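K.L.:
Same order as they appear, the protein sequences are chains B and U.
Heads up, the first sequence is in the numbering used here, so the first residue is 46 and it goes up one at a time.
Heads up, the second sequence is in the numbering used here, so the first residue is 25 and it goes up one at a time.
A virtual CB, placed ideally from N, CA and C, is assigned to each residue, including glycine.
Computed from a predicted model, the values in this text were never measured in an experiment.
Shown below is the structure under consideration.
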Amino acid sequence: MRSLRRLARWWRFRAHGEELAEELALHREAIERDLIAHGYSGPDARDAARRAMGNETLMREDARGVWLWPWLEGVWQDATATLRGLRRSPAFTAGVMLTFALGVGANAAMFSLIDRLMFRPPAYMRDPASVHRVYLFRVRDGVEQLAGIVYPRHADLERFTTSFSDFAAHSLRSLAVGVGQDARELPIGVVSGTFFGFFDAPPALGRYFGPAEDRPPAGVPVAVLSYSTWQARYAGRRDALGSSLHIGSAVYTIIGVAPRDFVGLWPLTPPAAFIPVAAYAASATDGNWPTNYGWGFGLATIVRRRAGVTIDAASADLTRALRQSYLAQGYPERLEALRPRAVASSILEERGPDRSGVARVAIWLAGVTIVVLLIACANVASLLLARALARRREIAVRLALGVSRWRLLSQLFTESLLLATAGSLLGLVVATWLSGILRASFLPGTAPATIATDLRTLGFMGIVTLAVGVFTGMLPMLQARQLTLTDDLKTGARAGTHSRSRARGALLVLQGALSLVLLVGAGLFVRSLRHVRDVRLGFDADSVLIVELEMRDVKLDSAGTVALRQRLLAAATTVPGIRYASLQQAVPMAGMSSWPISVPGVDSVRQFGEFEFNAVSPDYFATMGTRILRGRAFEPVDIPGGERVMVVGAAMGATLWPGEDALDKCVRIGLRPDTMPCRRVVGIAEDIHARGLGRETRNFYYYLPAAQWRPHEGGLFARASGDARQAIEPLRRRLQAEMPGTAYVTVARLGEIVEGQTRPWVMGATLFTSFGLLALLLAAGGLYSVIAYHVAQRRQELAVRVALGAAAGDVIRLVVSEGLRFAVSGAVVGGAIAVVGGRWIAPLLFNQSARDPVVFGTVTAVLLIVAVGASLIPAIRGARVDPNAALRAE
Amino acid sequence: MKHPDLLPGTLDLLVLRTLTGGALHGYGIAQRVKQVSGDVLQVGESSLYPALQRLLLDGYVKAEWGASENNRRARYYTLTAAGHRHLASERKEFEHIVAAIRLVLANA
Numbered sequence: 046m047r048s049l050r051r052l053a054r055w056w057r058f059r060a061h062g063e064e065l066a067e068e069l070a071l072h073r074e075a076i077e078r079d080l081i082a083h084g085y086s087g088p089d090a091r092d093a094a095r096r097a098m099g100n101e102t103l104m105r106e107d108a109r110g111v112w113l114w115p116w117l118e119g120v121w122q123d124a125t126a127t128l129r130g131l132r133r134s135p136a137f138t139a140g141v142m143l144t145f146a147l148g149v150g151a152n153a154a155m156f157s158l159i160d161r162l163m164f165r166p167p168a169y170m171r172d173p174a175s176v177h178r179v180y181l182f183r184v185r186d187g188v189e190q191l192a193g194i195v196y197p198r199h200a201d202l203e204r205f206t207t208s209f210s211d212f213a214a215h216s217l218r219s220l221a222v223g224v225g226q227d228a229r230e231l232p233i234g235v236v237s238g239t240f241f242g243f244f245d246a247p248p249a250l251g252r253y254f255g256p257a258e259d260r261p262p263a264g265v266p267v268a269v270l271s272y273s274t275w276q277a278r279y280a281g282r283r284d285a286l287g288s289s290l291h292i293g294s295a296v297y298t299i300i301g302v303a304p305r306d307f308v309g310l311w312p313l314t315p316p317a318a319f320i321p322v323a324a325y326a327a328s329a330t331d332g333n334w335p336t337n338y339g340w341g342f343g344l345a346t347i348v349r350r351r352a353g354v355t356i357d358a359a360s361a362d363l364t365r366a367l368r369q370s371y372l373a374q375g376y377p378e379r380l381e382a383l384r385p386r387a388v389a390s391s392i393l394e395e396r397g398p399d400r401s402g403v404a405r406v407a408i409w410l411a412g413v414t415i416v417v418l419l420i421a422c423a424n425v426a427s428l429l430l431a432r433a434l435a436r437r438r439e440i441a442v443r444l445a446l447g448v449s450r451w452r453l454l455s456q457l458f459t460e461s462l463l464l465a466t467a468g469s470l471l472g473l474v475v476a477t478w479l480s481g482i483l484r485a486s487f488l489p490g491t492a493p494a495t496i497a498t499d500l501r502t503l504g505f506m507g508i509v510t511l512a513v514g515v516f517t518g519m520l521p522m523l524q525a526r527q528l529t530l531t532d533d534l535k536t537g538a539r540a541g542t543h544s545r546s547r548a549r550g551a552l553l554v555l556q557g558a559l560s561l562v563l564l565v566g567a568g569l570f571v572r573s574l575r576h577v578r579d580v581r582l583g584f585d586a587d588s589v590l591i592v593e594l595e596m597r598d599v600k601l602d603s604a605g606t607v608a609l610r611q612r613l614l615a616a617a618t619t620v621p622g623i624r625y626a627s628l629q630q631a632v633p634m635a636g637m638s639s640w641p642i643s644v645p646g647v648d649s650v651r652q653f654g655e656f657e658f659n660a661v662s663p664d665y666f667a668t669m670g671t672r673i674l675r676g677r678a679f680e681p682v683d684i685p686g687g688e689r690v691m692v693v694g695a696a697m698g699a700t701l702w703p704g705e706d707a708l709d710k711c712v713r714i715g716l717r718p719d720t721m722p723c724r725r726v727v728g729i730a731e732d733i734h735a736r737g738l739g740r741e742t743r744n745f746y747y748y749l750p751a752a753q754w755r756p757h758e759g760g761l762f763a764r765a766s767g768d769a770r771q772a773i774e775p776l777r778r779r780l781q782a783e784m785p786g787t788a789y790v791t792v793a794r795l796g797e798i799v800e801g802q803t804r805p806w807v808m809g810a811t812l813f814t815s816f817g818l819l820a821l822l823l824a825a826g827g828l829y830s831v832i833a834y835h836v837a838q839r840r841q842e843l844a845v846r847v848a849l850g851a852a853a854g855d856v857i858r859l860v861v862s863e864g865l866r867f868a869v870s871g872a873v874v875g876g877a878i879a880v881v882g883g884r885w886i887a888p889l890l891f892n893q894s895a896r897d898p899v900v901f902g903t904v905t906a907v908l909l910i911v912a913v914g915a916s917l918i919p920a921i922r923g924a925r926v927d928p929n930a931a932l933r934a935e
Numbered sequence: 025m026k027h028p029d030l031l032p033g034t035l036d037l038l039v040l041r042t043l044t045g046g047a048l049h050g051y052g053i054a055q056r057v058k059q060v061s062g063d064v065l066q067v068g069e070s071s072l073y074p075a076l077q078r079l080l081l082d083g084y085v086k087a088e089w090g091a092s093e094n095n096r097r098a099r100y101y102t103l104t105a106a107g108h109r110h111l112a113s114e115r116k117e118f119e120h121i122v123a124a125i126r127l128v129l130a131n132a
């Protein structure tokens, strides 16, 4: 009851105070009237009444204080006092808020990204801790490698294990949805009938498909739409159920709609629809797929552990099943060499063994943003410290008047917490803006993250805000605890501060050190990026467009397909802006084809590594910009009936025929290569990077004439004469006109694929650089404020020096050398940290030493120059002190 | 004139007792205590108003704005039922202590 009355009164706090004031005034007037009635004169009565009443404000506060919880009263007073103080110094307040906003905002954006990549369990998933993604490993060329999962393998694992209550296969495919003009390639979840059982997500409409509709070999062509597709394509109409939809090369009947925000396992690329594995596989290949270990489409397996089964036991069970599966496949002799192993890992892909380079760089950048936050904190702490020092005398007076130290500290603390909170609110804006940029550079083409409405990110921001507020409040508090009353009262703010700013000095050194570390990181990444850009890929990715054919349900015999490809090839070169075009069967860095080969005089070709090839038409080398080093490229004479020819990469020639000329050598290619006729090497091409940007020591590349090798397979390359982006749409339109029925073509830039490879370095370079510059800016601001403050404190001292004959240059040197001292100490400390930390960053760099003296030297120079610049302004101001005025002022 | 200190806790008792006669404003309460005690007890403003707020908080009195004798807005306090009960029990307690003190003074 009392608490309720307190609360009610608290609501009208101000009104309450006014009522009390009115009541007291009435009381005073009543006394006054009494006194007049007793013969006092008017003014005398008023004075006497005032005296009798005493301190009305105090009385009012006391009376009002009855209603307050004692601590609340303290907080309220601290908060109002702080707000008053902050309003008096808007520049300081704005500076601190902005610093916090950048620091907290950057961290929130980074958290949101990493949370999405690595921590947040899939939406709607039931008990995600017991669900695992299965990874298979096997030894190849003496190295253990990740192995893909094909359907029969998945089925074997399910059949041979006992540790799991649920088992599902899934794959995210990019498939054409719809036909004609509104056909779009959209992400489609190809999932087994047991997939939805992993989730607690009742469908928004209709039902999910189950195992009955996912039975090999044909399944039932049914589809479950995502909520947003249902809204966008069917305007949320219920009669969407039962209608049919073209997905990929089959027609599916819509039987249900998933609930809002259900994205399966793909929060970054939410599927537009879900279709059964069996129905998809039946439409994409022949009827043997359930038992064909050689045909896969990027399947992955997820499992749910039974209660009481440990993760290790689950992995062991899977490994046992995997060995049994290889036996069932009929390769008992290969078991020893393959040494297959299975692991039940996190359901989140980026936490498993197959994590992307993006995730690794993201973790690093999270570290970087924390460093930026630390610098921001150091900066704010240093500013707060300056304020606390400037208020020494005020504080000493208050202590002398009997304010408890605790109350004093809590006020300092309130200040830092209030600033941190205000800064974080501003940081929300920064985070939203930054997360857009992060998404564009880390995860292009993914669904946007919501910062402001995401409870996890907001919770994180709350914790960071609290930590930052406490941390920055701590230093001024420590300082305030050391106050010696009498000294401070005597000397005021002038003396003492200079010698006692060791804490601020340490903060400055820390800021300098951290900026240096970040800038070194930036320098290393920028140089890495330059190395990456300098890599000669062996082809010009930027001008080349990739054309792929999607036949859907159009069935052409191989002669028909060959004719179609020839028509497309001819059509492509008629498009304005397209210079050359060629047939292709493999896209470097995106896919590969490989067949067994044998070379007379070489025992086992496989010992050298992997031999990949592309089957191309005569203009291929002109299209790609790959140089022919010796011999010739393919020519129109290389037709099915003509001489069997090939072009080999330089490294392949040098490896297979060391010290000899590779031209005119013989290579046999086929499933049983020794039985095949010779293929003559007619040309040697420069090497290309077919797998990535790194050194390719164990994979080799060669070329066959498209006319002589499965001429009905593959797509096209086209070379644009100008901007490749501008040529995409005209080319697609022109080629689409040649496509029969529902078949269609897709056109994409080869540059996009290469950019995917360089992305970690581009990202590292841009983000390290921007954060490094931000850190430098913060540190420069911190240094400037400290030096400026010192100069202001030393006005008298400097004035005395000038009066005694010091030249302006002497004063400037004195002040600047102080700033430089901080910077040099910071550089030394930071340099040490960077050298030690380099060990961890080295794997992310490209042909770049983590201890590059050029980078270290340049960055140190930049830091020192900035330090000189930051101290020069206050130094000049100090040198201009008018000794007369300064000395008289005291 | 000497103003003896009030025993701790007796201010609430006096205020409550004074209010049994009807609604009074703060000044009225102070005047009444002074008059009735023959100018011996004087309630200081600095303790009266916090005491009134405390009694309000505890729900022993309630306050209403009304017009004063010379038509100014004044806050009048009246005793609540809980206040009556509290007065009775406090009064009993007080009598008890005074009796005890008398005993000690008479016999020790």
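(1) Residues in the segment 38-57 of chain U with C-beta within 9 Å of chain B's C-beta atoms, listed in sequence order?
(2) Exposed or buried, E657/B, counting other C-beta atoms within 10 Å across all chains shown (16 or more means buried)?
(3) Could you tell me if K710/B is buried or exposed, where buried requires 16 or more neighbouring beta carbons within 10 angstroms of its beta carbon?
(4) For P621/B, which option in S766/B, G676/B, D587/B and G694/B has the closest C-alpha, if you only look at C-alpha atoms?
(5) Rank E381/B, D172/B and G698/B by C-alpha distance to the C-alpha of G187/B and give the top, closest one.
(6) Just to confirm, is the Cβ distance from A895/B to A887/B under 8 Å?
(7) Whole-angstrom Cβ separation of G875/B and G550/B, contact assumed at under 8 Å?
(8) For S61/U, which residues in chain B fall below 9 Å Cβ to Cβ?
(9) Cβ of V269/B within 8 Å of Cβ of Y253/B?
(10) Any beta carbon from chain U within less than 8 Å of H72/B's own beta carbon?
(11) Quick one: using the 10 Å Cβ neighbour count with 16 as the cut-off for buried, is H543/B buried or exposed?
(12) For S15/B versus Y665/B, is the C-beta spacing smaller than 8 Å?
(13) Does DSSP classify D160/B as helix, strand or coil?
(14) Less than 8 Å separating the beta-carbons of I773/B and V792/B?
(15) Who are the near neighbours of T606/B in its chain, counting only those whose CB is closer than 6 Å to its CB and skipping five residues on each side?
(16) By the 8 Å beta-carbon criterion, what residues does the segment 441-474 of chain B contribute toward chain U?
(17) Listed in chain order, which residues of the segment 79-109 of chain B have Cβ atoms closer than 9 Å to some Cβ of chain U?
(18) Could you list which residues in chain U have their beta carbon closer than 9 Å to that of E77/B, in chain order?
(19) Does L500/B pass the burial test, meaning 16 or more other C-beta atoms within 10 Å, or should it be called exposed?
(20) For the alpha helix (DSSP H) holding D211/B, just list the boundary residues, first then last.
(21) For a contact meaning CB atoms closer than 8 Å, what does S113/U contact in chain B?
(22) Please determine, among V904/B, L147/B and W885/B, the residue with the shortest C-alpha to C-alpha distance to V873/B.
(23) For the segment 377-398 of chain B, which residues have a CB atom closer than 9 Å to at least one CB atom of chain U, in sequence order?
(24) Among residues of its own chain, excluding the 5 on either side of G332/B, which ones have a beta-carbon nearer than 6 Å to its beta-carbon?
(25) Kindly list the residues whose CB is nearer than 7 Å to the CB of L503/B, restricted to its own chain and excluding five residues on each side of it in sequence; keep chain order.
(26) Among the candidates L231/B, S294/B, L828/B and S86/B, whose CA atom is the shortest distance from the CA of A317/B?
(27) Quick check on Y376/B: buried or exposed, where buried means 16 or more other Cβ atoms within 10 Å of its Cβ?
(28) Quick check: the Cα distance between V509/B and V149/B, rounded to an integer number of angstroms?
(29) CA-CA distance, S815/B and I159/B?
(30) Going by DSSP, what residue range makes up the alpha helix (DSSP H) through V322/B?
(31) Return the bridge partner residues of K86/U from the DSSP annotation.
(32) Can you tell me whether H835/B is buried or exposed, with buried defined as 16 or more other CB within 10 angstroms of its CB?
(33) Tell me E230/B's beta-bridge partners as DSSP assigns them.
(34) Which of the three DSSP states is assigned to F666/B in this structure?
(35) Looking at the structure shown, is V296/B part of a helix, part of a strand, or coil, going by DSSP?
(36) Look up G876/B in the DSSP assignment and say whether it is helix, strand or coil.
P.N.:
Per the coordinate set shown:
(1) H49, G50, Y51, G52, A54 and Q55
(2) buried
(3) buried
(4) S766/B
(5) Nearest of E381/B, D172/B and G698/B to G187/B, Cα basis: E381/B.
(6) yes
(7) The Cβ separation is near 15 Å, so there is no contact.
(8) Within 9 Å Cβ-Cβ: nothing; S61/U doesn't reach chain B, min ~17 Å.
(9) yes
(10) yes
(11) The pLDDT assigned to H543/B is 49, lower than 50, so where the model puts this residue is not dependable; a value taken from the coordinates is nonetheless given after this. Label assigned to H543/B: exposed.
(12) Residue 15/B is absent from the model: chain B starts at 46 and stops at 935.
(13) helix
(14) A contact, by the Cβ cut-off of 8 Å.
(15) Answer for T606/B: H757, listed in chain order.
(16) none
(17) Across the segment 79-109 of chain B, CB contacts with chain U closer than 9 Å involve D79, A97, M98, G99, N100, E101, L103, M104, R105, D107, A108 and R109, in sequence order along the chain.
(18) In chain order: nothing, as chain U lies at least about 11 Å away.
(19) exposed
(20) Element bounds for D211/B: not the alpha helix (DSSP H) but the beta strand (DSSP E), F209 to V222.
(21) Per Cβ cutoff of 8 Å: no residues; S113/U is ~18 Å from chain B at best.
(22) Put simply, of V904/B, L147/B and W885/B the residue whose alpha carbon is nearest the alpha carbon of V873/B is V904/B.
(23) none
(24) The answer, listed in chain order, is P262.
(25) none
(26) L231/B
(27) exposed
(28) 7 Å
(29) 19 Å
(30) Taken as a continuous stretch (DSSP letters only), the alpha helix (DSSP H) holding V322/B covers V322 to A329.
(31) T102/U
(32) buried
(33) DSSP, once it has assigned bridges, lists A221/B as partnering E230/B.
(34) helix
(35) strand
(36) helix
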